[in-house]
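In the working numbering, the protein residues as written are 143 to 324.
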């Protein structure tokens, strides 16, 4: 099934995100689901529930073109070294007579697709205009989800929330209670 986001509700960007989502079941069940939900809005509360584990897929923050010290964590050479302090001492051995992909060199850091596994849903809610002026985000105008754990990428970047690929019993047993202080 190919789905798209409703950008007119979020005002984050102008073009919708297109996603291809796989359905479980046999062919008849899949076709019935598609016919029932064609041109309907599917909210997050229809798919997920509180206390469930989810995987978060998205792009990390982009850092641009960076050197080998920041990108690979190599140590700086001594101050009297030849040909630079922030460069690797050698790109590899004489033979094989080529540079391997493991050699630390400058390049792109960040903007990588990553998956964060087994984050627990703390709360799923609807915005009633109460959630305003959130730091580094702004106002929440649509449904929202609170997740325990880290979420990759900057604020307002789109992420894909999926069922867990390898859910663990230990993560499910952790009980969390959300207390709002106002």
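All C-beta atoms in this analysis are idealised placements derived from N, C-alpha and C, irrespective of residue type, glycine included.
Sequence-distant partners of residue 160 (beyond 5 residues in either direction) whose C-beta falls short of 7 Å from its own C-beta, in its chain, are 144, 146.
Secondary structure in the stretch 167 to 231: the beta strand (DSSP E) runs of 3 residues or longer, each lying completely within the stretch, are 195 to 201, 204 to 208 in chain order. Membership of residue 160 in the beta strand (DSSP E) is indicated by the continuous run 160 to 162. Short of 8 Å from the beta carbon of residue 306, and not among the five residues preceding or following it, lie these beta carbons of its own chain, in chain order: 195, 196, 197, 259, 260.
Nearest neighbour of residue 302 by Cα position, chosen from 256, 241, 219, 224, turns out to be 256.
Pairing residue 267 with residue 286 gives a Cβ-Cβ distance under 7 Å.
The alpha carbon of residue 292 has as its nearest neighbour, out of 169, 171, 201, the alpha carbon of 201. Listed in chain order, the non-local C-beta contacts of residue 242 below 8 Å within the same chain comprise 234, local neighbours out to five positions each way being set aside. In this model, residue 313 and residue 192 are separated by some 14 Å (Cα to Cα). In the three-state reduction of the DSSP assignment, residue 314 falls in the helix class. With fewer than 16 other Cβ atoms inside 10 Å of its own Cβ, residue 240 counts as exposed. Apart from sequence neighbours up to five positions away, the residues of its chain that approach residue 304 with a beta-carbon distance below 7 Å are 196, 197, 199, ordered along the chain. Residue 151 and residue 284 do touch by the CB rule: their CB atoms are close to 5 Å apart, below 8 Å. Residue pairing for residue 155: DSSP places it in no beta bridge.
With respect to the 7 Å criterion, residue 205 and residue 252 are classified as neighbours on the basis of their beta carbons.
Shortest Cα-Cα distance from residue 148 to any of 171, 186, 164, 226 involves 186. Using a 10 angstroms sphere on the CB of residue 263, the tally of other CB atoms reaches 16 or more, which defines it as buried.
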